[in-house]
Structure formats: C-alpha cells, structure tokens
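Engineer: Would you mind keeping the following structure in view while I ask a few things?
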Amino acid sequence: MTALASGIERREKVNRPAVRVPAERLLEVAARLRDDPALAFDMLVDHAAIDWHAENRFELFYHLFSTAHGHALTLTAFVPRDAPVVPTVSRIWPVAEWQEREAYDLMGILYDEHPDLRRLFLEDDWQGFPLRKDYRDPDMLEFQK
Amino acid sequence: MTVNVKTLNDIIAPPGAAASALATEEYFVNMGPQHPIAHGSLRLVVRLDGETVREVIPVPGFVHRGIEKMAEHLSWRQLIHLTDRTDYLSALMNNWAVARTIEQAAGLATNDRIETVRTIVAELQRLQSHALWWGVLGMDLGAFTPFLYGFREREVISEIFEDTIGARLTMNYIQPGGLMYDIHPDFAQKTKRVLAYLKPKIDEYGTLLSGNVILQERLRNIGVLPAARAIALGCTGPVLRASGVPCDLRKVEPYGVYASAEFDVPVGSKGDCWDRYCVRIEEMRQSIRIVEQLIDHIPEGPHTTVKFGARIKVPEGIHYGQIETARGILGVTIVAGGKADAPYRLHFRSPNFNNLWAVTELARGWRIADIIAIQSTLDLVVPDIDR
C-alpha cells in the first residue's frame, strides 16, 4: 500500500472522497482501483477536464463508482497546458474511449495509446478547442469580453 | 509518444482502400442524421456485409449547442434554464440534478414540502417519459397504434404540469432552494384522477403490444448485454438494470423523499431487448406506486427557502451531484471559482451519452432491422448526448 500511495495526495475541496495522482502513475493506480477486490471500482461514471488557465495547467477528473460496494471516488491529475498528454484509461474502463474523445474534442487533451482519438461533436476540421478559457471564435461575439 | 488523431474519413475510406473497394462485399450505409427511427439527429455509420452489421460508428454532434460553455456565462439560478434542453423528456429531473448539486455546494436547506413535490413531479415525468418511449418503440418496430396510445397517456400528465408549471415540455420548475411556484390548488386531486386512469392503461399495454408475437420475436434474445459489459460501458438506468444490476440511485443513495416511499427496483436477467422492455414497463407501475403514496401527504410549508433576489454563494471547489433520471444517472460536476456568480466549469455526465456506446457492441453481428430494436430499447434522447 505504501508503494501505491507514493505521490498520491488527497484532493482538497471536492465534496466526495478524492485523490490527486501524478499523471504518469494514472494507469497503474487506475488498474489497482478496478482490480483490487476491496476497492472494485468497476464503473467510470464520468471523465472530463478543467482548464486552470491562470495556473497554466489542466486538471482531469475521473468519477469512479463501485457497483459491488456502492462506494465512490474521484481521481484527479494535472497535466501542463502546453503538453496535455495523458495515458488513456480506455483499456481499464471501455467507456473512457468516448469520454476521452469528448475531452479531446472540447478541451484538447491528448490521450496516449487511445484506440480511436477523433473529434466527437465538432467537425474533423474544426480549429481550436472551445472549452478552453482562451478559445476565441470570431463569430461568437457574446463570448468576447 | 503515440498520440495519433484520426478523422472519420480515415475509418470509412482509409488510404489505399479505394482501389479494392469494388472487390469487397463490405460497404458503409448512413443511418441518419435525419431518419424516422433516430429520435433526433444522430448519425450512425454502419459497416455492412450484405445485411449483417459488422460495425456501428455513432457520429453525434448534430445537436451540440455548447451548453457547458454557455453555462460558464450564466448565474447559478439561470443555469436551470439550460437543463431542460438536454434530455427534454426528463426536464424536471435535470432541473433537480443541477438544483440539488448547487444546494449541496452552497449549503441551502429545503423543506419537506419542496422535496415531496419534487419527488412527485419527477416520478410523473418518469411515467410520462416511459409512456412515450413505449409508443415510439412500437412505431419503430412497425406498429403505429402504440404511438397514439403513448401520446394519449403523455397528454394527461402534461396537463398536470401545464397547470402548475405553465409549460408542457421544456419545464423549468425546480430551482436551487425550492420550486419556482407553489403547486396548483387542483394538483393533488388531478394527479389522483390521472393515476386512476393510467393504472389500467399499463395493463392494456400488455394486451396491446407486449404479448404480440412479432414484438417478442424482434426483442427476445436480441442485443444481449451481459452485466459486466454494461458496467464497463458505463450504462446506467433501465439499460443497466435490465442486465441484472440493481443499481438505482433512488435506492442506492436516496434523495428527495424516496427513502420513505415503498417501491421495487425491477431488474432483468439476461440483458436483451426484451428485458429492457419489461424493466421500463414495470418501472411505470412503480412510479405510479410512489406517487400514490405521496400525493395525499404533501406537507404544508413555503415552496422556496431562498428569496428570489438573493445571491447564491457557492464556495470554491469541485462539487459533484447525481440523480436517477428516466434514462439513468445524470451527474453534474460544478467547478466553482469562489467569488463569481457563475460556474468556472460545468460538466454534465448525461445518461444517454454513456448509454449510446452500447449500440456499437450490441448491434455487431445482427441485421439492420435489429439496430432499430436495439436503439429503441436503449431509449436515446439525442440532445442529451450532444448537449
């Protein structure tokens, strides 16, 4: 347990149990969370990203749920804004394949080893990532302050 | 590094494949985005071998309105008015999910009257949503009459909502700290009359459609979703329960006044289209049961605990809240920046978005006509996928 815990801290200011994981250890921790029978987080309920523009980084969150035990956990990981690359968890929770595509499409997070990384809602030739705080669409005047 | 961003064209027309396209028997057909069985604008690219489905590639996004981006510019109270445009058949439950998350984050208390009314209107809407689903399923599979019956039942419930809320489809009623208006004086009486009318109708559905041999042939053993796959694919709601997982937030982490109501959570055994059909029919009976228990015991009290002009303060942090809509778990992640009167980031975990992808696995190996049965029993509402 000590080996697992290194580098993992509690993520403060979340209204449910939450831990912050170094991005490079995400896969290892995720696999353990799913496979350990005492934890058994078999469902990835939600995954998306937050653009902390002032801090120059993105925060990814993964809301997990265990249908066996009924408990929940939120994992978060920071990635730098200029190189937002993170390993895909779609081999652990298949639904991540599409949740990650949404995060790529709208926030521009790049998922390493993703089986099918494509735009999801927007067209393939769309420029930019609309949910980023510095996104400017020339046609959308109401978003320009 | 192996991050490789693809386009849809790379899949449908991979480079080099054009020369041999005539030699192969596999071909792509578009179902949608405009198609009578697609309940909204959803495009399914289907790779076919003869009539057998080899692969389904959903292409959502035709109803993407950027609701999450818009939300970053709206105050905590204004947010509610976007939620009814996601899953429009669960408008009140969507209102509730956001209102409840804001209430938990801001520490707003409600009272028993508010929670009871919320539970009643949510169950009425679940009933209404399933009635529409049942009618549309019949129409999808070639039986037009159920569609008219489903809308007939929907109509009487819409009238209850219209009296109290003033709207029939895009309803904004539940807001942080309470309800927008108190219930109509006739609410309880009318609801009881409607329930008495609806009860035998659910049994009529059985004689009209459920017992039909064509329907059974088209649903039984089609699109089997085992429990483990349903969980891995993030399915929730009736889809997950039909696979035999008794996961219903109304029981697992009760909200509203569900804890004091008696009801059963129907589960399927196999996870085929027929199980998904039966689970929803039974859920309609359970919704009636819940409303019947509550309708005579609506406590007295004010319909809101927050003054209309009062500013809601949500402390900094990530706030997650979820409720069970007619289609599954609607999760709301609110990231509050502290002082601002609007969310820094808002994310909807919509039940349809996550249920949709089951179609890629369920339809494989079946015929084109089975995609329709599978999609219909997944009960997708497309604006909720695209947001």
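From first to last, the protein sequence lines are chains Y and A.
Residue numbers for the first sequence follow this note's numbering, so the first one is 1 and each next one is one higher.
Residue numbers for the second sequence follow this note's numbering, so the first one is 146 and each next one is one higher.
Where is the CB? At the ideal position from N, CA and C, for every residue including glycine.
All figures in this text were calculated on a predicted structure; none of them were measured in a lab.
What is the rounded straight-line gap between the Cα of I440(A) and the Cα of I156(A)?
Structural biologist: Residue numbering aside, residue 440(A) sits at position 295 when the second sequence is read from its first letter. Residue numbering aside, residue 156(A) sits at position 11 when the second sequence is read from its first letter. Their backbone Cα atoms lie some 54 Å apart in a straight line.
Engineer: Here's a check: name, in chain order, each residue in its chain whose Cβ is nearer than 8 Å to the Cβ of R425(A), leaving out the five neighbours to either side.
Structural biologist: As a position in the second sequence, residue 425(A) is number 280, starting the count at 1. So the qualifying residues of the chain are H275, W278, W279, P383, D524.
Engineer: List the whole-angstrom C-beta distance separating E217(A) from A487(A), where the pair is believed to meet the contact cut-off of C-beta under 8 Å.
Structural biologist: Here residue 217(A) refers to the residue found at position 72 when the second sequence is read from its first residue. Here residue 487(A) refers to the residue found at position 342 when the second sequence is read from its first residue. Contact flag correct, Cβ pair sits at about 6 Å.
Engineer: Kindly indicate which residue of R258(A), A158(A), A404(A) has the alpha-carbon position closest to the one of G446(A).
Structural biologist: Walking along the second sequence from the start, residue 446(A) turns up at place 301. Measuring from the Cα of G446(A), the nearest candidate turns out to be R258(A).
Engineer: Are the C-beta atoms of A40(Y) and some chain A residue less than 7 Å apart?
Structural biologist: Stepping through the first sequence from its first residue, residue 40(Y) is reached at position 40. Answer no: the Cβ-Cβ gap between A40(Y) and chain A never drops below 7 Å.
Engineer: Name, in chain order, the residues that DSSP records as bridge partners for I319(A).
Structural biologist: Along the second sequence, read from residue 1 onward, the residue named residue 319(A) stands at position 174. Answer is L324(A), bridged to I319(A).
Engineer: So what's L378(A) in DSSP terms, helix, strand or just coil?
Structural biologist: Along the second sequence, read from residue 1 onward, the residue named residue 378(A) stands at position 233. L378(A): coil per DSSP, three-state reduction.
Engineer: Between which two residues does the alpha helix (DSSP H) holding G295(A) run?
Structural biologist: The residue given as residue 295(A) occupies position 150 in the second sequence. Per DSSP, G295(A) belongs to the alpha helix (DSSP H) from 290 to 310.
Engineer: In whole angstroms, give me the CA-to-CA distance for P80(Y) and P22(Y).
Structural biologist: Reading the first sequence from its first residue, position 80 is the one you call residue 80(Y). Reading the first sequence from its first residue, position 22 is the one you call residue 22(Y). Rounded to the nearest angstrom, the two C-alpha atoms are 12 Å apart.
Engineer: Report yes if the CB atom of F58(Y) is closer than 7 Å to the CB atom of P84(Y), and no otherwise.
Structural biologist: Your numbering for residue 58(Y) matches position 58 in the first sequence. Your numbering for residue 84(Y) matches position 84 in the first sequence. Yes, they are a contact pair.
Engineer: Is the separation between the beta-carbon of G206(A) and that of F129(Y) shorter than 7 Å?
Structural biologist: Sequence index remark: in the second sequence, residue 206(A) carries index 61 (1-based). Sequence index remark: in the first sequence, residue 129(Y) carries index 129 (1-based). Cβ atoms of G206(A) and F129(Y): not closer than 7 Å.
Engineer: What separation, rounded to the nearest whole angstrom, lies between the Cα atoms of G462(A) and V527(A)?
Structural biologist: In the second sequence, counting from the first residue as 1, residue 462(A) sits at position 317. In the second sequence, counting from the first residue as 1, residue 527(A) sits at position 382. Taking the straight line joining both Cα atoms gives about 30 Å.
Engineer: Please state if the CB of L193(A) and the CB of G177(A) are separated by a distance shorter than 7 Å.
Structural biologist: Taking the second sequence and counting its residues from 1, the one referred to as residue 177(A) is at position 32. Taking the second sequence and counting its residues from 1, the one referred to as residue 193(A) is at position 48. No, they are not a contact pair.
Engineer: Going by DSSP, what residue range makes up the alpha helix (DSSP H) through Y465(A)?
Structural biologist: Translated into positions along the second sequence, residue 465(A) becomes position 320. Careful: Y465(A) lies outside any alpha helix (DSSP H), inside the beta strand (DSSP E) at 462 to 470.
Engineer: I'd like to know whether the C-beta of R16(Y) is nearer than 7 Å to at least one C-beta of chain A.
Structural biologist: Within the first sequence, residue 16(Y) is the residue found at index 16, counting from 1. Chain A contact via Cβ: present.
Engineer: Just the C-alpha distance for L507(A) and Y465(A), rounded to the nearest angstrom, thanks.
Structural biologist: Stepping through the second sequence from its first residue, residue 507(A) is reached at position 362. Stepping through the second sequence from its first residue, residue 465(A) is reached at position 320. Going by the C-alpha atoms only, they are around 31 Å apart.
Engineer: Taking the alpha-carbon positions, what's the W511(A) to T522(A) distance?
Structural biologist: In the second sequence, counting from the first residue as 1, residue 511(A) sits at position 366. In the second sequence, counting from the first residue as 1, residue 522(A) sits at position 377. About 15 Å.
Engineer: For G206(A), decide whether its Cβ has a neighbour in chain Y, counting only Cβ atoms nearer than 7 Å.
Structural biologist: One-based indexing of the second sequence puts residue 206(A) at position 61. In terms of beta-carbon proximity, G206(A) lines the interface with chain Y, with at least one pair separated by less than 7 Å.
Engineer: In the structure shown, what three-state DSSP assignment does I50(Y) receive?
Structural biologist: As a first step, residue 50(Y) is located in the first sequence; it is residue number 50 there, counting from the start. Correct three-state label for I50(Y): strand.
Engineer: Output, in chain order, the set of chain Y residues within a Cβ distance shorter than 7 Å of L378(A).
Structural biologist: Here residue 378(A) refers to the residue found at position 233 of the second sequence. Residues of chain Y passing the Cβ test: P94, V95.
Engineer: CA-CA distance, D229(A) and M316(A)?
Structural biologist: Position 84 of the second sequence holds residue 229(A). Position 171 of the second sequence holds residue 316(A). If I take the Cα positions, the gap works out to 6 Å.
Engineer: Does E24(Y) pass the burial test, meaning 16 or more other C-beta atoms within 10 Å, or should it be called exposed?
Structural biologist: Taking the first sequence and counting its residues from 1, one reaches residue 24(Y) at position 24. By the neighbour-count criterion, in which 16 or more other beta carbons inside 10 Å mark a residue as buried, E24(Y) falls on the exposed side.
Engineer: Would you say T468(A) lies against chain Y (beta-carbon separation less than 7 Å)?
Structural biologist: To locate residue 468(A), count along the second sequence from 1; it is residue 323. The amino acid occupying residue 468(A) in the given sequence is Ile; Thr does not appear at that position. So, not an interface residue.
Engineer: Comparing alpha-carbon positions, which option in L75(Y), D105(Y), I50(Y), D36(Y) lies nearest R10(Y)?
Structural biologist: On the first sequence, position 10 is the one that residue 10(Y) refers to. Cα-wise, what sits closest to R10(Y) is L75(Y).
Engineer: Does the contact criterion of 3 or more C-beta pairs under 8 Å hold for the segment 492 to 501 of chain A versus the segment 40 to 60 of chain Y?
Structural biologist: Under the three-pair Cβ rule at 8 Å, the segment 492 to 501 of chain A counts as touching the segment 40 to 60 of chain Y.
Engineer: Would you list the residues sitting across from R434(A) in a DSSP beta bridge?
Structural biologist: Along the second sequence, one-based indexing puts residue 434(A) at 289. For R434(A), which the question treats as bridged, DSSP gives no partner whatsoever.
Engineer: Hey, how far is the Cα of V45(Y) from the Cα of N499(A)?
Structural biologist: To locate residue 45(Y), count along the first sequence from 1; it is residue 45. To locate residue 499(A), count along the second sequence from 1; it is residue 354. Roughly 9 Å separates the two Cα atoms.
Engineer: Would DSSP call L219(A) helix, strand or coil?
Structural biologist: Stepping through the second sequence from its first residue, residue 219(A) is reached at position 74. Looking at L219(A) - three-state DSSP - the assignment turns out to be coil, as it is neither helix nor strand.
Engineer: Cα-Cα, which of R472(A), R430(A), I513(A) is closest to N239(A)?
Structural biologist: Position 94 of the second sequence holds residue 239(A). The option with the nearest alpha carbon to N239(A) is R472(A).
Engineer: Terminal residues of the continuous alpha helix (DSSP H) containing D285(A)?
Structural biologist: For the purposes of this step, residue 285(A) is taken as the residue at position 140 of the second sequence. Run containing D285(A): 257 to 285, per the alpha helix (DSSP H) assignment.
Engineer: At a CB-CB cut-off below 9 Å, which residues of chain D make contact with P22(Y)?
Structural biologist: Reference to chain D is not applicable here, since the protein chains of this structure are Y and A.
Engineer: Using the three-state DSSP reduction, which class does E102(Y) fall into: helix, strand or coil?
Structural biologist: Reading the first sequence from its first residue, position 102 is the one you call residue 102(Y). Here E102(Y) sits in helix by DSSP.
Engineer: For a test of the three-state rule: what should DSSP assign to T450(A), helix, strand or coil?
Structural biologist: Position 305 of the second sequence, counting from 1, holds the residue named residue 450(A). Three-state DSSP puts T450(A) in coil, outside helix and strand.
Engineer: Name the residues in the segment 118 to 136 of chain Y whose C-beta lies less than 7 Å from a C-beta of chain A; which are they?
Structural biologist: Taking 7 Å as the Cβ-Cβ cut-off, the segment 118 to 136 of chain Y approaches chain A at R118, L120, F121, L122, D124, P130, L131, given in chain order.
Engineer: Taking beta-carbon pairs under 9 Å, can you tell me which members of the segment 437 to 465 of chain A lie near chain Y?
Structural biologist: P460, E461, G462, I463, H464, Y465
Engineer: So, does the CB of T2(Y) fall closer than 7 Å to a CB anywhere in chain A?
Structural biologist: Position 2 of the first sequence, counted from the first residue, corresponds to residue 2(Y). Residue confidence for T2(Y) is low, a pLDDT of 47 falling below 50, so the modelled location carries little weight; the figure read from the coordinates is stated next. For T2(Y), the answer is no, since every Cβ of chain A falls outside 7 Å of its Cβ.
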